[in-house]
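A.B. asks:
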Amino acid sequence: MLLDDLTARDVMTTKVVHAEPHETIREAMIRMDEHGIHGLVVEPTSASRGHCILTVKDCIEVLCDAGEAAIDSLCVEDSMTRPAVTVPATLCLSDCIQLMRNAGIRTAPVLQGPKLVGILSFTDVLRACLGGESDG
Numbered sequence: 001m002l003l004d005d006l007t008a009r010d011v012m013t014t015k016v017v018h019a020e021p022h023e024t025i026r027e028a029m030i031r032m033d034e035h036g037i038h039g040l041v042v043e044p045t046s047a048s049r050g051h052c053i054l055t056v057k058d059c060i061e062v063l064c065d066a067g068e069a070a071i072d073s074l075c076v077e078d079s080m081t082r083p084a085v086t087v088p089a090t091l092c093l094s095d096c097i098q099l100m101r102n103a104g105i106r107t108a109p110v111l112q113g114p115k116l117v118g119i120l121s122f123t124d125v126l127r128a129c130l131g132g133e134s135d136g
């Protein structure tokens, strides 16, 4: 089966778009929109204890809970998911899907050891199932 033969590395997106912890939610939302993506990876800091991620869902929660003005006053670090659920680069796609589904996420940073090597989304998985190429 295709999902057991391919790994996260085989189908992940290698061009990861990042957010800085101190930029505003609005700035991060603009970057997601410009790149047509649903999540921005935040590199580990001493406070975050691992890679973090700011997703569209996180931004919607800010809008619903704090109102539209909050996207200009809150920073990425105020609302990001920390630490992010990550997947190992060598994990087979069927296990990646199960892990992401169980965690209730649709985008996950891909790690080779402690190093970020890409990002995996359900869109990448669907593209692989349809025979599409990854960017990596």
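Per the numbering used here, residue 1 is the first one in the sequence shown, and the count goes up by one each step. Backbone N, C-alpha and C fix where the C-beta goes; we use that ideal spot for every residue, glycine too. Values in this document were obtained by computation on a predicted structure and should not be read as measured data.
1. Counting Cβ pairs, one atom from each stretch, are 3 or more of them under 8 Å apart for the segment 25-35 and the segment 63-80?
2. My assumption, with CB atoms under 8 Å, is that T14 sits in contact with G118. Please give the rounded CB distance.
3. I think L93 touches V11, with their Cβ atoms under 8 Å apart; what is that distance to the nearest whole Å?
4. Considering only residues of the same chain and omitting the five flanking positions on each side of A89, which have a CB-CB separation below 7 Å?
5. Can you round the beta-carbon distance between A108 and L120 to whole angstroms, since I take them to be within the 8 Å contact cut?
6. Report all residues from its chain with a CB closer than 8 Å to the CB of D124; omit the five preceding and five following residues, and keep chain order.
7. Bridge partners of S121, per DSSP?
8. Please state if the CB of V87 and the CB of A19 are separated by a distance shorter than 8 Å.
9. Given that a residue counts as buried once 16 or more other Cβ atoms are within 10 Å of its Cβ, and exposed if not, what is C64?
10. Return helix, strand or coil for K57, following the three-state DSSP convention.
11. Would H38 and V56 be called neighbours here (beta carbons separated by less than 8 Å)?
12. Taking the C-alpha atoms as reference points, what is the distance between V85 and S73?
13. Do you know offhand how far G67's Cα is from D4's?
C.D. replies: Walking through what the data contain:
1. yes
2. 5 Å
3. With a beta-carbon spacing of about 7 Å, L93 and V11 fall inside the 8 Å limit used to define contacts.
4. T7, A8, R9, V110, L111, Q112, V117
5. For a cut-off of 8 Å, the C-beta gap from A108 to L120 is around 5 Å, short enough to register as a contact.
6. V11, M12, T13, S134
7. According to DSSP, which records beta bridges pairwise, S121 is partnered with T107.
8. no
9. exposed
10. helix
11. yes
12. 26 Å
13. 43 Å
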